[in-house]
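In order, the protein sequence lines correspond to chains X and U. Residue numbers 69 to 358, in the numbering used here, belong to the letters of the first sequence in order. Residue numbers 748 to 1166, in the numbering used here, belong to the letters of the second sequence in order. For every residue, glycine included, the Cβ atom is placed at its ideal position computed from N, Cα and C. Inspection log for the structure reproduced underneath, given as structure tokens.
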Amino acid sequence: MLYGQLFLDGLAMGVVFVLLCAGLVLITSVCRILFMAYGIFYTIGAYTTWFLAVKMNISFFPALAGGMIFSGLIGGLFYVILFQYLQRRKGSFLATLIASMGLMMFLQQASILIYGTQNQGIPTVFPGVLNLGSIHISFDKAALIIISIVITVILFLIYEKTSIGRSMRAVSFLPEASHLFGINSNAVFFLTLMLATGLAGLSGGLLAPVYGINVTMGNNIVWTIILMVMLGGMDSLIGAVVGGLVIGQILSFGQYFIGSSVQILVFIIIGIVLYFRPQGLMGRGVNIEV
Amino acid sequence: MNLRRLLTVLATIGLITVLVVLLFGCKATTTTTTQITTQTTTTTTTTTPKVLKIGVLNYLGWPPGITEDKLFKILADDINKKGGVTIGNEKYTIQLISYDTQNSQEVAVAAANRLVYQDGVKFILSDGRQTSGCTDITDAEKVVVICGTPDPSILNPKYKYVFNATSINTSPAVTLGWFAKNHPQFENYVAAFTDDREGHMINGIFGGMFTAFNIQKTDIFYPAQQTDLSAVATQAMQLNPDVFIWQGAETTVVKSMKQAGYNGQLFAIDAKPFSDLTRTTTPQELEGLIDGALPTEFNPPLTQGAIDFKALYTAATGKWDDPALDGTVLFNCLIAALQQAGTTDTDAVAAKISSGMEFDTPLGVAKMIPRADMGSGNRTVDLIVTTFIKQIVNGVPTVIATIGPAEGMTYCETLFKAK
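Dropping the structure here:
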């Protein structure tokens, strides 16, 4: 049952990243921003959830909601004061990229000042291990998988079935022309960034009881997320899911058979995929004017 | 491109260049100076205390550097509040001149140059991450440098004024030697490290120790940024370990091992505070763990120095958050050397440190030791400190061994001879 265990490990790894990938895809495809500061919102959400759950002694799920809302509000705030002005300019991609890198550094240092340098943790919400023969999975990881799937489905429903989702898709297809159809693209960008950064904060809070919290966790994870999104397609939510699941399995099986060189394998596979499909597995190709 | 546009472009480039030079010129020599001038006359001498400048070279972009910088400031402020430190017949207040090395060799060298030639310091405390590039400068000017690094280059016998005052080369050897001696039944050790510079460096250090004590160990490396370590645990479990060892205070890999069904011995070579271990892992998941212990993680702390330091730190910061104590050893080493030498003459201070100096620290009694294996001869350039060993029993850390410097040296000599 070794392969069964490895598959389950890979599923756990992949599913928890799907939320993060989905948020980044939203920002990239709708807002046309390569949002390098995305990882720091994951950190902010985790620390905020920790603060509410451990320091303020609030129950975990309300604390999680608090972390998500706080991250979303910070993301929305920085859209209003920074990105909305940069997006109006010609060649805004580079400007927003640099701005997001600056924002990442700023928020990183702010997090250290506010939350300190100590690693933190949230007590396990679902203790215990589920044993299925010789296959093991902790209850908190199983819950994580289920919650991630539910939230991903909700996100899909919002994106596909609601008017705001239609607006997002319209703006991602034709950003310049969408306002001719009465869509306030600024409002769409604002809501998208809020939603995506809120998702990142939610992911941070969800993963905190399982993996702990440290000030560099966002920086560590952002590159993995970007790889997953590139593999799946930078403008495809389904691609985000596929990318997350595929890389999760590669990391799991690769770690067992080839050790830490699995990172190289991931890059090779992504390189091969992008060579034959530059838009990613499920992407349709985002036209970005640099 | 017409002339006007060309001039505009050139002017813009020039302006940016000037801004960059100013920015990095200031940033490379960021100063956080703590200058406490004596305002009282409570000293025993009737003259105003002199100022002892101590340079600090630390990488402030990561938590250990920030913590160490903070510890230096707390200790210096405490000395100054008490009227200064007595060296010989003189009283000195301490002025810290701190620069961020930014984890860059070039920036560290520039900062060292500034400390030595502009600020005129004769004593430097350093995290040692970039010291090897600075040591030629400091040694040439007879500046005493106390480092906290396992970097072997600073133990090069050509240097006369630089010393390692962290127990990272010795405490793990003492812990491992004691463990191997008292647990001969364990044969199959499996260790997990991050696949980055730090992980490989620690593996290199540990690898030598395991070989010296005739312990067979299988290493597993995993990507440093990997969050979920269940695959690492699956890989480790397939090796049927008697003892599982991991790097760092982050216990995610231990949690993953327990969730994968591991019931063997957990062992950690470098002391990890119980509060750090249990941030993401329950005491039950750590049951039976044998690890080095810090005096400050117990209530009350195990040494008088730890009691005093804990009170000082709590008063200064408002809370006790289990800071790493290596910085206190560096600081105490320098102050003890100055006091025992009775002078600020760097030749005398270096000679005092080089001759087996003993001094008190919050970690316990510390002693400078020679590293003949590194070619230092009888000159004592490294450090050993009292080693406490704990075991998690019924979810509570319990001291199971106290190993003084003399006994600890027997284990270290096994390691040094094997090199």
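Residue i bridges to which residues according to DSSP?
{"i": "X/G322", "result": "None, per the DSSP bridge assignment."}
{"i": "X/G250", "result": "Note: X/G250 sits in no beta bridge, so no partner."}
{"i": "U/W993", "result": "U/A939"}
{"i": "U/K797", "result": "U/Y839"}
{"i": "U/T1168", "result": "Past the boundaries of the shown model lies residue 1168 of chain U; chain U is included only from 748 to 1166, so the question cannot be answered."}
{"i": "X/V297", "result": "Per DSSP, none; premise fails for X/V297."}
{"i": "U/V803", "result": "U/S845, U/L872"}
So what's residue i in DSSP terms, helix, strand or just coil?
{"i": "U/T787", "result": "In this predicted model, U/T787 has a pLDDT of only 38, less than 50, meaning its place in the structure is not dependable enough to derive any value."}
{"i": "U/N1079", "result": "helix"}
{"i": "U/E1105", "result": "strand"}
{"i": "X/S206", "result": "strand"}
{"i": "U/E837", "result": "strand"}
{"i": "U/F1014", "result": "strand"}
{"i": "X/P346", "result": "coil"}
{"i": "U/P1144", "result": "strand"}
{"i": "U/I1139", "result": "strand"}
{"i": "U/T792", "result": "Residue confidence is low: U/T792 scores 46 on pLDDT, short of 50, so the model does not pin down where it sits. No coordinate-derived value is stated."}
{"i": "U/G1089", "result": "coil"}
{"i": "U/N1186", "result": "Residue 1186 of chain U is absent from the model: chain U starts at 748 and stops at 1166."}
{"i": "U/T781", "result": "For U/T781, the predicted model reports a pLDDT of 39, less than 50, meaning its position is unreliable; a value from the coordinates is still stated below. Reduced to three states, the DSSP call for U/T781 is strand."}
{"i": "U/F910", "result": "strand"}
{"i": "X/L171", "result": "helix"}
{"i": "U/K774", "result": "Residue placement at U/K774 is flagged as unreliable, the pLDDT there being 42, under the threshold of 50; the coordinate-derived value follows with that caveat. Helix."}
{"i": "X/L305", "result": "helix"}
{"i": "X/L263", "result": "helix"}
{"i": "X/L313", "result": "helix"}
{"i": "U/M748", "result": "Only weak support exists for where U/M748 lies, its pLDDT of 49 falling under 50; the value from the coordinates is given anyway. Reduced to three states, the DSSP call for U/M748 is coil."}
{"i": "U/N950", "result": "helix"}
{"i": "U/T1029", "result": "coil"}
{"i": "U/T1149", "result": "strand"}
{"i": "U/S1123", "result": "coil"}
{"i": "X/I289", "result": "helix"}
{"i": "X/P243", "result": "coil"}
{"i": "X/Q331", "result": "helix"}
{"i": "X/G280", "result": "coil"}
{"i": "U/D1069", "result": "coil"}
{"i": "X/Q176", "result": "helix"}
{"i": "U/A1007", "result": "coil"}
{"i": "X/G272", "result": "helix"}
{"i": "U/L757", "result": "helix"}
{"i": "X/L165", "result": "helix"}
{"i": "X/R100", "result": "coil"}
What are the start and end residues of the beta strand (DSSP E) that includes residue i?
{"i": "U/Y936", "result": "936 to 941"}
{"i": "U/M1115", "result": "1111 to 1117"}
{"i": "U/Y969", "result": "964 to 969"}
{"i": "U/I1037", "result": "1037 to 1040"}
{"i": "U/V698", "result": "Nothing can be reported for residue 698 of chain U, as the shown portion of chain U is limited to 748 through 1166."}
Looking at the unbroken alpha helix (DSSP H) that takes in residue i, where does it start and where does it end?
{"i": "X/Q155", "result": "152 to 155"}
{"i": "U/I901", "result": "First-last for U/I901: undefined, no H or E at that position."}
{"i": "X/C89", "result": "70 to 94"}
{"i": "X/T284", "result": "Premise fails: X/T284 is in no alpha helix (DSSP H) and is neither H nor E."}
{"i": "U/L1059", "result": "1051 to 1064"}
{"i": "X/T117", "result": "106 to 118"}
{"i": "U/A927", "result": "918 to 929"}
{"i": "U/Y1158", "result": "1152 to 1165"}
{"i": "X/S139", "result": "128 to 146"}
{"i": "U/L1024", "result": "1021 to 1024"}
{"i": "X/M124", "result": "Where X/M124 is concerned, there is no enclosing alpha helix (DSSP H), given that its DSSP letter is neither H nor E."}
{"i": "U/Q982", "result": "977 to 984"}
Taking buried to mean at least 16 other C-beta atoms within 10 Å of its own C-beta, is residue i buried or exposed?
{"i": "X/I340", "result": "exposed"}
{"i": "U/Y806", "result": "buried"}
{"i": "U/G1142", "result": "exposed"}
{"i": "U/R1118", "result": "buried"}
{"i": "X/R234", "result": "exposed"}
{"i": "U/L757", "result": "exposed"}
{"i": "U/T777", "result": "In this predicted model, U/T777 has a pLDDT of only 40, less than 50, meaning its place in the structure is not dependable; the value taken from the coordinates is given anyway. It is exposed - the Cβ of U/T777 has fewer than 16 other Cβ atoms within 10 Å."}
So is residue i in contact with chain C if we call contact Cβ pairs under 8 Å?
{"i": "X/Y279", "result": "Chain labels in this structure do not include chain C; the protein chains are X and U."}
_alpha helix (DSSP H) segments (min. 4 residues) lying fully within the region 815 to 895 of chain U_ = 852 to 860, 878 to 887
*Could you name each continuous beta strand (DSSP E) segment of 3 residues or more that falls completely within the region 178 to 226 of chain X, going from the start of the chain to the end?*
197 to 200, 203 to 206
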